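Enquirer:
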Amino acid sequence: MDPPLEVRFHEPVRTEGAGEPLQIRYSESSPVGPVGTFAVEGDRVSFAFDPDFALGYCYSVSVTEATNLVGVAEGDRALFPRRRTVCAPSVRIVPRPDAYVVGGRATTIELQRMAGVNWSATPAGTVSIDGATAAFEWATGSFVAPPFVEPAVATLALSGGLSVANTVSILALPADDDHDGDGLTNGDEHDAGSSPVLADTDGDGLDDGLERMHGTDPTRADSDGDGIDDLVELRAGSDPNDANDFDVSSLVVAITVESDMPSPIYLPPASVSVLSLTVMAEIELGDGMPNRLVEVTDERSGTTYASSDPTVIASSGNGSFDVLRTGASNLTVTNGAHAATLPFVVTGCGDGVLQGNEGCDDGNVLGGDGCDAFCRAEGLRIGGEANGVEEAVSLLLQVERAPTPEPDGGVVAADAGQGQGQGPGKPIGGGAFESLELESDGTFWFATDVLPGDSYTVTVSSPEGYRCTVENGSGVVGTENVTDIRVECVRGLSARLLRSGDDASCVVNVDGSVECWGLHAEDTSAPLRQVPEGSYVDVAIRTGTACGLRADGSVACWGIDAPLVAAVPTSERFVAVSMGDGVACGVTADRRVVCWGDESHPARVAGLRTNVVDAVAVGRAVCWIDDALALHCVGAGAPELFAPPTDYLPDATPVAIYGGWSDTACVVLSRGIDTEHRCWGPEPLGGAASTYARAGSAGHAHVCMLSPYDDEAICFGAGESRLQAGQGDEWAQHPPRSARVRQLASGRRHTCFETLRDTIECTDALPVPGTCGDEFVDLDEVCDDGNRTSGDGCAADCQSDETCGNG
């Protein structure tokens, strides 16, 4: 442990009341400081760091009104406030309990050094060992030790222009002495790499001097790497420097044998298994030395192997055996005068006993009788029922099973059928796949045969506009066909994108069409229902007017704001569009912000913005992310809107921006794999929503976001939002009936959610698309007159306009 920080006063002191004796901080302005323990004794106050202090770091040490030091003298007052800066040492010596140094020899000690210093350019220091000194390299911790006359436990200290935290104790050894008594001088051992303080450096039972005499390595217990220590080989008469000479049978007093396969062994049909034995020998060394346990599986150690019936189990050398057929055999292992015998029985397919990985065993190895030559049940299939299939859907079967031997000893490769029309399938080995196209309801079967014990998984790919699910789609094959798989398909909404604004909402469908509902979209003649032709990829809504972004980058506007509709810059190509009060703004393909509509709108008065990452119109303002990743807002509105956050760099990268109904904007910040949504503007919303989310949308006084961890939505806000329903100033609420959510969009006073049930549900009383009789002509409807009655020009199922001749 490092020495403590110590402060000395002009008089004895003590503590009185709550608090700490001193205030120790990382800097004068830092609110926190290091962890440690105070001690007060006489006129000194010490602080022991835990963990140790940071090398080279300067701490602020203060007596303040909050500290509890007072003078010991009766009636003395609290100490006057004062502050000092105390810097920690630059270097720490790492202590080692077994450290030694040999006089006149190069030595290295381990150091911890402060960061930020070019240690290679630091002038040499001085090492002192009980007063004897030598030059010392700070960068490497190396020095040549001064000579010593007598061995002694000495104190090693460093000096030379740098402050050092500690000294260490070290054993100082004269080079010409033999400290450990192994017959080698300390200097010789240091030069050879062995230890002068351990007579047997490698712990093999041979002193280092004897190892020198026999030519073995005193730092390796097994010099030749054959698995037998040098001492054992020397006692057995083998060569400790020859990796192929390690017969130790003359020293063996007992052996033990272990097998990696217990008896009885199950042998799959037409195959060969490999059995391995491990042999351990107890070695007697004599001279009062304890016996040792040595592995002698290798035949070069003197071990031999025999099988009583090599046609059943045959030795392949060094403890390995081939299991060839059913039967019985005794395996005998011998080393020196000692032997051990292990009896084995080998069983297999066709003996009438169900065992091993057999799916069946009918007492023969014939096929065509319900149990094939490999003891597998024959002819099992996987299938089930499909409902709601109106367009072709694709099923995928995956089967996992170990490879199966062929009668000639080969292996059946993974094989799968190709569909309903294929003939008998083949067993799948390892892991394999089969695809199957379904074009109608009813029973289906995969062509592939499967075996009992196989694991299977069935998945489905839904066509566009459908949602198909699989029930009972995974499991393990039993002894009968799998028939309980259910595939259910339902036609879902065709929503590609959901948008809200004012008191209306729209969906952009996968075919590029746009459907709107709510205020100014009450019927087919309403302004928001007059969508110009084109294939759309996005839409923005504001006060009875909408602007849609087409797939070709052009923008079309429609609704009640005729000047804005007429002012669309038709020559521009955009990648994003948004709407504010009387104005629409788009981000062009070359990253400019172009606005049109009300010429007095501050966004137009402020002029064009270039090199933007993203931009959004917000009420009477426009906000954007510039190419330096900074946020800006210009225009008119609440002051809080024009003070966007700045503290996200460099930890986060802004990638998108979106706005609320007025005076509120939100930025999407990328933080590696996480995404944070941070909003600003007037309270209560401005500071309420800084949340990790997958997506978000803001209204007049609320914002809703999708959780990054599941499919739930959480909303924040207050005021006019009908979600809040007057229940306090801050709130959080899941969507209607706690449905799981795919996407969401907030308008001025409402939010709509597309659920994973393929429905759109809103938190206000707005009608939603997707149902015959809701007055919205959906993609799968020919007409929709707002009722489910025939004879009025639109059939009750919305599939016919009742024109003569069309059915």
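Quick note: the sequence shown uses numbering that gives the first Met the number 0, first residue 0, plus one each step.
Every residue, glycine too, gets a C-beta built ideally from N, C-alpha and C.
These numbers come from a predicted model, not from an experiment.
(1) Using only CA atoms, which one of G695, R291 and L276 lies nearest to P707?
(2) Helix, strand or coil, according to DSSP, for D360 in the structure here?
(3) Just how far apart, CA to CA, sit A566 and L496?
(4) For M704, count neighbouring C-beta atoms within 10 Å of its own C-beta (all shown protein chains included) and say buried if the count is 16 or more, exposed if not.
(5) According to DSSP, which residues form a beta bridge with G378?
(6) What do you reckon, are the CB atoms on L172 and N185 nearer than 8 Å?
(7) Using alpha carbons as the reference points, say which of I484, F715, S524 and G124 lies closest to G159.
(8) Within the chosen definition, does the segment 551 to 564 reach the segment 519 to 528 through at least 3 CB pairs nearer than 8 Å?
(9) Just to confirm, is the Cβ distance from L813 to V85 under 8 Å?
(10) Kindly give me the distance between the Cβ atoms of G547 and G579, rounded to whole angstroms, as I take these residues to be in contact under 8 Å.
(11) Using CA coordinates, which residue listed in E294, R380 and V459 is at the minimum distance from V469?
(12) According to the Cβ coordinates, are F343 and S319 closer than 8 Å?
(13) Give the DSSP-derived three-state secondary structure of D186 in the structure shown.
(14) Label W623 either buried or exposed according to how many other C-beta atoms from any shown protein chain fall within 10 Å of its C-beta, with 16 as the threshold for buried.
(15) Please look up how many angstroms separate the CB atoms of T456 and G383, rounded, as I've assumed it's under 8 Å.
(16) With distances taken from CA atoms, which of D241, G301, S300 and L323 is nearest D308?
(17) Leaving aside the five residues before and after R83 along the sequence, list all residues of the same chain whose C-beta is less than 7 Å from its C-beta, in chain order.
(18) At which residue ranges does the segment 599 to 680 contain complete alpha helix (DSSP H) runs of 4 or more residues, listed in the order of the chain?
(19) Does the beta-carbon distance from F147 to A133 come in below 8 Å?
(20) Would you check if the distance between the CB atom of L353 and the CB atom of C359 is smaller than 8 Å?
(21) Work out the CA separation of D1 and E848 for me, nearest whole Å.
(22) Let me know if Q732 comes out buried or exposed under the rule of 16 or more other beta-carbons within 10 Å of its beta-carbon.
(23) State the CB to CB distance for the pair V449 and V398, rounded to an integer number of angstroms; the pair is presumed to be in contact (CB under 8 Å).
(24) Rounding to the nearest angstrom, what Cα-Cα distance links R741 and V702 in this structure?
(25) For T762, decide whether its Cβ has a neighbour in chain D, counting only Cβ atoms nearer than 8 Å.
(26) Let me check understanding here. Comparing Cα to Cα, which of D626, R677 and V611 lies closest to L640?
(27) With E281 and L292 assumed to form a contact (beta carbons below 8 Å), what rounded beta-carbon distance in angstroms separates them?
(28) Residues in the same chain with beta-carbon distance under 6 Å from L230, minus the five sequence neighbours each way, listed in chain order, please.
(29) Just tell me which of A191, V271, G316 and M288 has its CA closest to the CA of T346.
(30) If you count every other CB in all the chains shown that lies within 10 Å of the CB of Q726, and 16 or more means buried, which is it?
(31) Who does V39 pair with in a DSSP beta bridge?
(32) Which of the three DSSP states is assigned to S119 in this structure?
(33) Can you list, in chain order, the residues of its chain with a C-beta nearer than 6 Å to that of V252? Leave out the 5 residues immediately preceding and following it.
(34) Return helix, strand or coil for M113, following the three-state DSSP convention.
(35) Residue range of the beta strand (DSSP E) that L172 falls in?
(36) Need the endpoints of the beta strand (DSSP E) that A313 sits in, please.
Expert: To lay it out plainly:
(1) Indexing the sequence shown from 1 puts residue 707 at position 708. Closest by alpha carbon: G695.
(2) Counted from its first residue, the sequence shown places residue 360 at position 361. Three-state result, D360: coil.
(3) Counting from 1 along the sequence shown, the entry for residue 566 is found at position 567. Counting from 1 along the sequence shown, the entry for residue 496 is found at position 497. Their Cα atoms are separated by approximately 25 Å.
(4) Counting from 1 along the sequence shown, the entry for residue 704 is found at position 705. Answer is buried; the Cβ neighbour count reaches 16.
(5) The residue given as residue 378 occupies position 379 in the sequence shown. Note: G378 sits in no beta bridge, so no partner.
(6) The sequence position of residue 172 within the sequence shown is 173, counting from 1. The sequence position of residue 185 within the sequence shown is 186, counting from 1. Yes, these two residues count as a Cβ contact at 8 Å.
(7) Within the sequence shown, residue 159 is the residue found at index 160, counting from 1. Comparing Cα-Cα distances from G159 to each of I484, F715, S524 and G124, the minimum goes to G124.
(8) yes
(9) What is shown of the chain runs 0 to 806, which leaves residue 813 out entirely.
(10) The residue you call residue 547 lines up with position 548 of the sequence shown. The residue you call residue 579 lines up with position 580 of the sequence shown. Going by Cβ atoms, the distance from G547 to G579 rounds to 16 Å, so no, they are not a contact pair.
(11) Counted from its first residue, the sequence shown places residue 469 at position 470. Ranking E294, R380 and V459 by Cα distance to V469 puts V459 first.
(12) Taking the sequence shown and counting its residues from 1, one reaches residue 343 at position 344. Taking the sequence shown and counting its residues from 1, one reaches residue 319 at position 320. Not in contact: F343 and S319 (Cβ atoms no closer than 8 Å).
(13) Counted from its first residue, the sequence shown places residue 186 at position 187. Rather than Asp, the amino acid found at residue 186 in this sequence is Gly. Residue state, collapsed to three classes: helix.
(14) Position 624 of the sequence shown, counting from 1, holds the residue named residue 623. By the 10 Å Cβ count, W623 comes out buried.
(15) If you number the sequence shown from 1, residue 456 lands on position 457. If you number the sequence shown from 1, residue 383 lands on position 384. Not quite, the Cβ-Cβ distance comes to about 13 Å (not below 8 Å), so this is no contact.
(16) Counted from its first residue, the sequence shown places residue 308 at position 309. The shortest Cα separation from D308 among D241, G301, S300 and L323 belongs to L323.
(17) For the purposes of this step, residue 83 is taken as residue 84 along the sequence shown, with counting starting at 1. Same-chain partners within the cutoff: V60.
(18) 601 to 604
(19) The residue given as residue 147 occupies position 148 in the sequence shown. The residue given as residue 133 occupies position 134 in the sequence shown. Result no, Cβ atoms of F147 and A133 do not sit closer than 8 Å.
(20) Indexing the sequence shown from 1 puts residue 353 at position 354. Indexing the sequence shown from 1 puts residue 359 at position 360. Cβ atoms of L353 and C359: closer than 8 Å.
(21) No statement about residue 848 is possible, as the shown extent of the chain runs from 0 to 806 and does not include it.
(22) Numbered from 1 along the sequence shown, position 733 holds the residue referred to as residue 732. A caution first: Q732 carries a pLDDT of 37, below 50, which makes its placement in the model unreliable, though a value can still be read off. The residue is buried, with at least 16 neighbouring Cβ atoms inside 10 Å.
(23) Position 450 of the sequence shown, counted from the first residue, corresponds to residue 449. Position 399 of the sequence shown, counted from the first residue, corresponds to residue 398. About 6 Å separates the two Cβ atoms, so the contact holds.
(24) Numbered from 1 along the sequence shown, position 742 holds the residue referred to as residue 741. Numbered from 1 along the sequence shown, position 703 holds the residue referred to as residue 702. Distance between the alpha carbons of R741 and V702: 16 Å.
(25) Annotation note: the requested chain D is absent from the structure, which comprises a single protein chain.
(26) Within the sequence shown, numbered from 1, the residue matching residue 640 stands at position 641. Nearest option by C-alpha distance: R677.
(27) The residue you call residue 281 lines up with position 282 of the sequence shown. The residue you call residue 292 lines up with position 293 of the sequence shown. Contact flag correct, Cβ pair sits at about 6 Å.
(28) Taking the sequence shown and counting its residues from 1, one reaches residue 230 at position 231. Once the five neighbours on either side are set aside, the close Cβ partners of L230 are D203, G204 and L205.
(29) Position 347 of the sequence shown, counted from the first residue, corresponds to residue 346. Comparing Cα-Cα distances from T346 to each of A191, V271, G316 and M288, the minimum goes to V271.
(30) Position 727 of the sequence shown, counting from 1, holds the residue named residue 726. Annotation note: pLDDT 32 at Q726 (below 50); position unreliable, no value reported.
(31) Your numbering for residue 39 matches position 40 in the sequence shown. Per DSSP, V44.
(32) Counting from one through the sequence shown, the residue named residue 119 turns up at place 120. It is helical.
(33) Within the sequence shown, residue 252 is the residue found at index 253, counting from 1. Contacts found: E281 and E283.
(34) For the purposes of this step, residue 113 is taken as the residue at position 114 of the sequence shown. Coil.
(35) Counting from 1 along the sequence shown, the entry for residue 172 is found at position 173. Note, L172: beta strand (DSSP E), V167 to L172.
(36) Sequence index remark: in the sequence shown, residue 313 carries index 314 (1-based). Per DSSP, A313 belongs to the beta strand (DSSP E) from I312 to G316.
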